[in-house]
Each structure stands twice: as structure tokens, then as C-alpha cells.
Amino acid sequence: GDALGPVNQDRGLAMLTILLTEDQFLCSICLDVFTDPVTTPCGHNFCKACITKHWDIDIPYQCPTCRNGFNTKPKLQVNTLISEMAAKFRHSSMWLSRKNSGNRRTCSMSLI
92 GDALGPVNQD
102 RGLAMLTILL
112 TEDQFLCSIC
122 LDVFTDPVTT
132 PCGHNFCKAC
142 ITKHWDIDIP
152 YQCPTCRNGF
162 NTKPKLQVNT
172 LISEMAAKFR
182 HSSMWLSRKN
192 SGNRRTCSMS
202 LI
């Protein structure tokens, strides 16, 4: 009963991660999988370092995705769900690419 709770939760998160596309884990500034993802007041996600650096250069403060403007530097919310999912995605995609790159030979045997 209760002992399976966390396992089922992990499996559910893994299945959700598989259903989402890589684009949903990519920062539109660095075009890489999120690192320390944060959410802007308009609801868009970026790596914390990317959006911080962007706002150090780009004034007035605007969301790079929707161009929504802010009078003052917005307070960024850490997005723990996206962070966990991006970490799992990064791990699984690295695992898959490593797994696939190690076995490049194609089977020449006919199935007919």
C-alpha cells in the first residue's frame, strides 16, 4: 500500500516527462535544457542565470518571450516542478544518447 507511493509518483513524473517535448524544457535564451529554472510574472520560464544576465543588459525590463514590459526588475519565482522535470529529462536524454551512440552497428540480417 503506502510503500509504493513514492515509486508511483516517480513513475507518474517520468511518464509526464516523456509526454512533454524537449522544447518545453529549453530556455529560449540559451536554447539548452533549463538550469535553475525561474518563472517571470507573465508565466514564462528561463534559466535563472540567463534571464538575470538578459535583464542586466536589456533595459527596460521585458520578457524575451512575450515582450511584456516591467517597470522594475521583476521578482522571479523558482519553478521547482520544471526544475525536477528538466533534471529528469536531461538525465534521460543523456542516458539515451549515450546508450544509442555506443551501439551504431546496424543489423544486416533479413527478417524475411
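In my numbering, the protein residues as written are 92 to 203. The beta-carbon is built from N, C-alpha and C at its ideal position, and this holds for glycine as well. Values in this document were obtained by computation on a predicted structure and should not be read as measured data.
Start and end of the alpha helix (DSSP H) containing residue i?
i, result
"Cys-138", "Run containing Cys-138: none in the alpha helix (DSSP H); it sits in the beta strand (DSSP E), 136-138."
At which residues does the beta strand (DSSP E) containing residue i begin and terminate?
i, result
"Thr-130", "128-130"
Is the beta carbon of residue i less than 8 Å from the beta carbon of residue j?
i, j, result
"Cys-118", "Cys-133", "no"
"Lys-164", "Trp-146", "yes"
Spatial neighbours of residue i within its chain, please: CB distance less than 8 Å, with the 5 preceding and 5 following residues excluded, ordered by chain position.
i, result
"Asn-136", "Cys-118, Phe-125, Pro-128, Val-129, Thr-130, Asn-170, Ile-173"
For residue i, tell me which candidate among the options has the shortest Cα-Cα distance.
i, options, result
"Thr-156", "Lys-166, Ile-142, Leu-167", "Ile-142"
"Phe-116", "Lys-144, Ile-148, Ala-177", "Ala-177"
Keeping to the same chain, check which residues put their C-beta closer than 6 Å to that of residue i; ignore five residues upstream and five downstream.
i, result
"Gln-153", "Gly-160"
"Ser-183", "none"
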